[in-house]
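One gets this note's numbering by counting positions in the sequence shown from 1 and adding 3 to each.
So the structure is just underneath, and the comments pick up after that.
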Amino acid sequence: MSRTPLAASFSPDYTSARARFRAGALALGCQMASWPVDQKGPDGQELTIDLAILGDPNPKRAVIVSSGLHGVEGFFGSAVQAALLEETLGGFHPGPGTAVIFLHALNPFGFAWVRRVNEENMDLNRNFLRSDEQYTGAPDGYAELDPLLNPPSPPPAFELFLPRVGWMILRQGMPALKNAVAGGQYEFPQGLFFGGHSPSKTAQVLDAELPKLLGGCERVVHVDFHTGLGKRSTYKLFVDHEWGSDGAEALAKAFGADVVEPWEPEEGVSYAIRGGMGSWCKARFPNMTYDVLAAEFGTTHVVNVIRALRDENRAWQWGKRDDVASIRATAALREAFAPGDPEWRHACVEQAVHVVEQAIEVISA
Ligand SMILES: [Zn+2]
Numbered sequence: 004m005s006r007t008p009l010a011a012s013f014s015p016d017y018t019s020a021r022a023r024f025r026a027g028a029l030a031l032g033c034q035m036a037s038w039p040v041d042q043k044g045p046d047g048q049e050l051t052i053d054l055a056i057l058g059d060p061n062p063k064r065a066v067i068v069s070s071g072l073h074g075v076e077g078f079f080g081s082a083v084q085a086a087l088l089e090e091t092l093g094g095f096h097p098g099p100g101t102a103v104i105f106l107h108a109l110n111p112f113g114f115a116w117v118r119r120v121n122e123e124n125m126d127l128n129r130n131f132l133r134s135d136e137q138y139t140g141a142p143d144g145y146a147e148l149d150p151l152l153n154p155p156s157p158p159p160a161f162e163l164f165l166p167r168v169g170w171m172i173l174r175q176g177m178p179a180l181k182n183a184v185a186g187g188q189y190e191f192p193q194g195l196f197f198g199g200h201s202p203s204k205t206a207q208v209l210d211a212e213l214p215k216l217l218g219g220c221e222r223v224v225h226v227d228f229h230t231g232l233g234k235r236s237t238y239k240l241f242v243d244h245e246w247g248s249d250g251a252e253a254l255a256k257a258f259g260a261d262v263v264e265p266w267e268p269e270e271g272v273s274y275a276i277r278g279g280m281g282s283w284c285k286a287r288f289p290n291m292t293y294d295v296l297a298a299e300f301g302t303t304h305v306v307n308v309i310r311a312l313r314d315e316n317r318a319w320q321w322g323k324r325d326d327v328a329s330i331r332a333t334a335a336l337r338e339a340f341a342p343g344d345p346e347w348r349h350a351c352v353e354q355a356v357h358v359v360e361q362a363i364e365v366i367s368a
């Protein structure tokens, strides 16, 4: 028997991941829906965000498990959902008034095309601005880094990237670099971490559909799966609470003080972001206690992640789809966000399933 059975939860592409999700949900008797995003995949297939509800369709207390807000990161999130539907939750019946709600492939375009962003080059976790916020601006330092991050040419066969980034880190410090790079920007539509100029299709779908699902809810624990941040094969749960606040303390108690971390620069692994889905959900549903845990699973060093993002974006913006350089850049991006190593896959899905079990305990208490 394989030592890494959960590695088999991964699907090779968006279409098979979606089919597997729907089959697993159907087998558990979930209520289901598909929301089109008016985009097509590489094989001309319709792309949808898929919903499955296990338990009460009008819940008072719900766990939401979402995948693929960052496209390519959906390989992992979808694998977690497959493991839950096919294994962990088999025979599980949420109590009266409770439900586990699955959202599959929040950015189906990015998942299908193996990009982190959507059809408009938007980083969707920078796109959820609240109604009082403007889609303008960029962090201090982004404009200076733009020529390094977003050269207007396809990736060359060979390039000395690491020394240039190493020099930047020395000069600015890692937290400052992370903030400048990853905080979200609204001025460079072809650049990395672009938050868009208006609400994305995904934001519109969630804005229209989530209130129908959560109308009677009092408590939501939403686990949104991501990869590419933090130490390999470990995870952190980033939350929209301040350090030391009651909300942060309660989540630390439920999920572990060593993994729960408020979104905050300087201190920890993450960086200050604008337009995050978590703060938007909280603001969208002020009459319930709505916690979003951005579950970030580490894959490789941040410099490798940035490099993979940069090369893939260059290839997409300036190269041709079937060039060797483009194919190589796509493969590298996929490896940076969904490593092929079965040990990584098994260990991370196992930990992710455990996080969802903890979330179910919170709403069942
Ligand atoms: Zn992500």
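Backbone N, C-alpha and C fix where the C-beta goes; we use that ideal spot for every residue, glycine too.
All of these numbers come straight from a predicted model, not from anything done at the bench.
Residues of its chain near residue i, where Cβ-Cβ distance is below 7 Å and the 5 sequence neighbours each way are ignored
i, result
"N124", "P192, Q193, F197"
"D149", "F191, G194"
"K323", "S329"
"V365", "V224, A257"
Spatial neighbours of residue i in its chain, beta-carbon cut-off 6 Å, leaving aside the 5 residues before and after
i, result
"N153", "G194"
"Q354", "Y238"
"A10", "P345, R348, H349"
"H244", "G250, A251, P265"
"G373", "Missing from the structure shown is residue 373; the chain here goes from 4 to 368 and no further."
Residues bridged to residue i (per DSSP)
i, result
"W38", "I52"
"Y293", "V223"
"L106", "L54, S69"
"R64", "T101, R222"
"K43", "E49"
Limits of the unbroken beta strand (DSSP E) element including residue i
i, result
"G80", "It is not in any beta strand (DSSP E) - G80 instead sits in the alpha helix (DSSP H) that spans 77–86."
"K323", "First-last for K323: undefined, no H or E at that position."
"T303", "First-last for T303: undefined, no H or E at that position."
"V263", "263–265"
Residue i beta carbon near ligand 1 (any heavy atom closer than 6 Å)
i, result
"E76", "yes"
"H229", "yes"
"H73", "yes"
Cβ shell of residue i (< 8 Å), same chain only, five flanking positions each side left out
i, result
"T139", "Y189, E190"
"V75", "G113, F114, V117, R118, R119, L336, R337, F340, A341"
"P8", "H349"
"V358", "V226, Y238, L240, F258, L296, A298"
Contact with chain C by residue i, beta-carbon distance below 7 Å
i, result
"L31", "Within the model displayed, chain C is absent; a lone protein chain is all it includes."
Start-to-end residues for the alpha helix (DSSP H) that takes in residue i
i, result
"I276", "It is not in any alpha helix (DSSP H) - I276 carries neither H nor E in the DSSP assignment."
"T18", "17–30"
"C351", "345–367"
"E252", "249–258"
"A115", "111–116"
| request: Report the residue ranges of all alpha helix (DSSP H) runs contained in full by the segment 130–157; include only those spanning at least 4 residues, in chain order. | output: 145–152
| request: Tell me the start and end of each unbroken beta strand (DSSP E) in the segment 188–244 that is at least 3 residues and wholly inside, in chain order. | output: 222–235, 238–242
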